[in-house]
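**Q** There's a structure below that I have some questions on.
Residue numbers (my numbering): 247 to 534.
Shown next as structure tokens:
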């Protein structure tokens, strides 16, 4: 249960008879630890609420629903290459989504009952030629409001590498916009991230091999290294393999519980496979 500075606090396995329920790529809480919005890389939005028991551990998912992403005329988009949604940030009623294959960062007004087409696209600064087809922006997150980037958006690719083998990323809003890279550590790729209250960036990473199966890792990137032209890096907080109850962990959010505990929530992407699961995990992050 105690894994370095992280304490495991609960797990749910999510199933549904609906064939649309799969491929959960990213999510963010609209209310800390309860109401959430998410995207699936099959081109769906999803919404719901995490319920907790008397001990504050996750006990179920309530009011879950999904809706398909639509084009400017309101018609559902069926071509996966157009709606391969991988990263998500939320602020002031706006959802910012990172898409790969057709690489873009687009913004949507949040309406859980009727999500419409994006109202604008953002310049993601990283040269498009440097983005690999299926290794685009998996992390889209807002920096701390009172930090050096003043709440601006930060994007990090999954595995689009520069000549030195580091991972392309960018600060695309705020007073210090620019491209930076994240040091690639081992054979792990980046699947999501969120800023911690102290300004550090918590990254969720994943590795897969036929011999070793799926692994996950949480890495704490020093906030001061997230700047134009820098190579961002930081220590590993947690690494887990198939000896633990994990799967293809793809989505992450950070929130503060009502008792003041700093929480980290993760979701997995089952890739529409009967061999994989949709999991929801919660951890307490103890600050040193």
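Built from N, CA and C at the ideal position, the CB exists for glycine as well.
Taking C-alpha atoms, which residue in 337, 319, 343, 520 lies nearest to residue 329?
**A** Considering only alpha carbons, the answer is 343.
**Q** Alpha carbon to alpha carbon, what distance is there between residue 468 and residue 302?
**A** Near 30 Å, if we compare the C-alpha coordinates of residue 468 and residue 302.
**Q** Report buried or exposed for residue 511, applying the criterion of at least 16 other Cβ atoms within 10 angstroms of its Cβ.
**A** The residue in question, residue 511, is buried, as its Cβ has 16 or more Cβ neighbours within 10 Å.
**Q** Rounded to the nearest angstrom, what separates residue 262 and residue 392 at their Cα positions?
**A** Between residue 262 and residue 392, the C-alpha separation is close to 41 Å.
**Q** Between 390, 408, 459, which has its C-alpha nearest residue 441's C-alpha?
**A** Checked all of 390, 408, 459; the closest Cα to residue 441 is 390.
**Q** Please classify residue 424: does DSSP put it in a helix, a strand, or coil?
**A** Residue 424 falls in the strand class under three-state DSSP.
**Q** Within 10 angstroms of the Cβ of residue 369, are there 16 or more other Cβ atoms? Answer buried if so, exposed if not.
**A** So residue 369 ends up on the exposed side.
**Q** Leaving out five residues before and five after residue 513 in sequence, what residues of the same chain have Cβ atoms less than 6 Å from its Cβ?
**A** If we look at residue 513 and ignore the five residues flanking it on each side, its Cβ neighbours are 270, 273, 497, 526.
**Q** Take the Cβ of residue 532 as the centre, count every other Cβ of all protein chains shown within 10 Å, and call the residue buried at 16 or more, exposed below.
**A** Residue 532 should be labelled exposed.
**Q** Can you find at least 3 beta carbon pairs, one from the segment 294-301 and one from the segment 316-324, that sit closer than 8 Å?
**A** Touching, no.
**Q** Compare the Cα-Cα distances from residue 524 to each of 268, 466, 255 and report the closest residue.
**A** Residue 268 is the option with its Cα nearest to residue 524.
**Q** Using 8 Å as the cut-off, can you tell me whether the segment 413-431 makes contact with the segment 375-390, which would need three or more C-beta pairs spanning the two stretches below that distance?
**A** The segment 413-431 vs the segment 375-390: in contact.
**Q** Anyone know if the C-beta pair for residue 289 and residue 247 falls short of 8 Å?
**A** Taking 8 Å as the Cβ cut-off, residue 289 and residue 247 do not qualify as a contacting pair.
**Q** So what's residue 247 in DSSP terms, helix, strand or just coil?
**A** If DSSP states are grouped into helix, strand and coil, residue 247 belongs with coil.
**Q** Should residue 574 be labelled buried (16 or more other beta-carbon atoms within 10 Å of its own) or exposed?
**A** Missing from the structure shown is residue 574; the chain here goes from 247 to 534 and no further.
**Q** What three-state label does DSSP hand residue 465 in the structure shown?
**A** DSSP places residue 465 in strand when its eight states are reduced to three.
**Q** Buried or exposed for residue 382, please, with buried defined as at least 16 other CB atoms from any protein chain shown within 10 angstroms of its CB.
**A** Counting Cβ neighbours within 10 Å, residue 382 comes out buried, since at least 16 surround it.
**Q** My parser needs the beta strand (DSSP E) runs of 3 or more residues fully inside the segment 473-520; what are they?
**A** With a minimum length of 3 residues, the continuous beta strand (DSSP E) runs that stay inside the segment 473-520 are 482-486, 495-502, 508-514.
**Q** Using the C-alpha atoms, what's the distance from residue 283 back to residue 351?
**A** C-alpha separation (whole angstroms): 17 Å.
**Q** Quick one: give me the first and last residue of the beta strand (DSSP E) that residue 541 is part of.
**A** The structure shown does not extend to residue 541, since the chain is modelled only from 247 through 534, so no value can be given for it.
**Q** In the structure shown, what three-state DSSP assignment does residue 410 receive?
**A** It is coil, neither helix nor strand.
**Q** Take the Cβ of residue 376 as the centre, count every other Cβ of all protein chains shown within 10 Å, and call the residue buried at 16 or more, exposed below.
**A** That one is exposed.
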